[in-house]
Every structure is written in structure tokens, then in C-alpha cells.
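J.: Under full-length UniProt numbering, the first residue of the sequence shown is numbered 1, with each subsequent residue one higher.
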Amino acid sequence: MPDDHRRIELILRRPRLALWAGVRPTLVIGGNGQPTQWGSGTWRVSATEPVELRVFLFARGWRFGEAVTTLAPATTGRVIYRAPVLPFGAGRFTLA
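(1) Could you tell me whether the Cβ atoms of Pro25 and Thr42 are closer together than 8 Å?
(2) Using C-beta distances below 8 Å, list every residue in its chain close to Met1, excluding the 5 sequence neighbours before and after it, in chain order.
(3) Please report the distance separating the alpha-carbon of Thr48 from that of Pro87.
(4) DSSP on Arg6, reduced to helix/strand/coil?
(5) Leaving out the 5 sequence neighbours to the left and right, which residues in its chain are closer than 8 Å to Leu95 when beta-carbon positions are compared?
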């Protein structure tokens, strides 16, 4: 029986000099949200279907830094999220 899941490495980076502090990212995979921490982590996702990743920052009722990407089943490597410097900008994803 073939494995229908795979692991992706997600690296969450904050700027060295950010005009916000004490904020943790929230990761949403396939509609399920979960708080995360800054740094590197691995996540189990489907190997047969595209997967939508969404990351945003939430502080005192203010939601910012949102970025969305869809990973194809053949996508491998690291996915890097970079948070914005200002507390009202958008984040961005890159593939490494």
C-alpha cells in the first residue's frame, strides 16, 4: 500500500528588526489552524492532493502578515515564510 502522506519542512522567519514583539505565527493547513513557533518544523501533508498553507500573525485583535501558498503533490524542499517588518504588511512564502 503506497504512503499517501509526506513531510514538508516549514521555516518561519521573523525580521531581525521588527516593529512588533511577542507575536507568534498561526499556521493553517487544509482549514485546520494551529499555533506554531518561530523556526523550523516539519508537517505531515497529503502526498496525492495539493495542499494550501496559510500563515498569519495575530496580536491584540490585529491580524497581519498573512501569506498563502498551494503546494503541488510533487513539491519537495523547504518552504520559507518571512514575516513583515511592520505590523500591517503581508508576509511571503518562498521555496528553497
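Just so it is clear, CB atoms sit at the ideal spot from N, CA and C, and this is done for glycine as well.
T.: In short, the structure shows the following:
(1) Thr42 sits away from Pro25, with the two beta carbons spaced by 8 Å or more.
(2) Annotation note: pLDDT 42 at Met1 (below 50); position unreliable, coordinate value reported separately. Counting only residues of its own chain and dropping the five nearest sequence neighbours on each side, Met1 has no CB closer than 8 Å to any other CB.
(3) Distance between the alpha carbons of Thr48 and Pro87 is about 36 Å.
(4) Here Arg6 sits in strand by DSSP.
(5) Cβ neighbours of Leu95 beyond the five flanking positions: Thr75, Gly77, Arg78, Val79, Ile80.
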